[in-house]
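Just so you know, we're using numbering that gives the first Met the number 0 here: the sequence shown kicks off at 0 and counts up by one.
Even for Gly, the Cβ is constructed at its ideal location relative to N, Cα and C.
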Amino acid sequence: MDFLIASAMAQDGAPPQGGTLASLIPLILIVVIFWFLLIRPQMKRNKQHREMVSALSAGDEIITSGGMLGKITHVGDSFVTVKLADSVEIKVQKHAVAQVVPKGTIDAAG
0 MDFLIASAMA QDGAPPQGGT LASLIPLILI VVIFWFLLIR PQMKRNKQHR EMVSALSAGD
60 EIITSGGMLG KITHVGDSFV TVKLADSVEI KVQKHAVAQV VPKGTIDAAG
């Protein structure tokens, strides 16, 4: 068993070929791919959602992130009042609005 360790210690490893730049290129390439496939699309979705939230107005029909369909009756600084039924109104955070749907969706959903 000692002869295996001794022979392994006696071997000199060859110095790595190429510079540090050559070894960093794959890492840089992975970061760039990660950026374009994951981070950039998420930033675009966040920007679209912020624009949609800032454009909310009374009368818009929306779907909340919880799946409730309703019509906005009042828009505040950080909350909106949503009418779900004739005598049911709730307040939700603006960022909980998942999407604005076309007018008439509530009537069609019946």
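Whole-angstrom C-beta distance between residue j and residue i, which should lie under 8 Å
i, j, result
"LEU68", "THR104", "7 Å"
"LEU55", "ILE71", "6 Å"
"GLN98", "ILE62", "5 Å"
Inter-residue Cα distance where the pair is residue i and residue j
i, j, result
"VAL74", "THR80", "6 Å"
"GLN47", "LYS90", "22 Å"
"VAL31", "ARG49", "26 Å"
"PHE78", "PHE35", "33 Å"
"LEU83", "ASP76", "20 Å"
"LYS102", "ARG39", "31 Å"
"SER22", "GLN41", "29 Å"
"GLY66", "LEU37", "26 Å"
"PHE33", "SER53", "30 Å"
Residue i - containing beta strand (DSSP E), residue span
i, result
"LYS82", "78 to 84"
"LYS90", "87 to 92"
"ALA57", "Here ALA57 belongs to no beta strand (DSSP E), and DSSP marks it neither H nor E."
Boundaries (first-last residue) of the alpha helix (DSSP H) holding residue i
i, result
"LEU37", "Per DSSP, LEU37 belongs to no alpha helix (DSSP H) and is neither H nor E."
"ALA107", "104 to 108"
Cβ-based burial, residue i [other Cβ within 10 Å; buried from 16]
i, result
"VAL87", "exposed"
"ASP59", "buried"
Contacts around residue i, its chain only, beta-carbon distance under 7 Å, and the 5 residues preceding and following it disregarded
i, result
"SER64", "ALA95 and ALA97"
Own chain partners of residue i with C-beta closer than 8 Å, once the 5 adjacent residues on each side are dropped
i, result
"MET51", "VAL96, GLN98 and VAL99"
"ALA57", "ILE71, THR72, HIS73 and VAL74"
"ASP106", "none"
Residue i at chain E interface by Cβ criterion, 7 Å
i, result
"LYS46", "Looking at the structure shown, chain E is missing, and only one protein chain is on hand."
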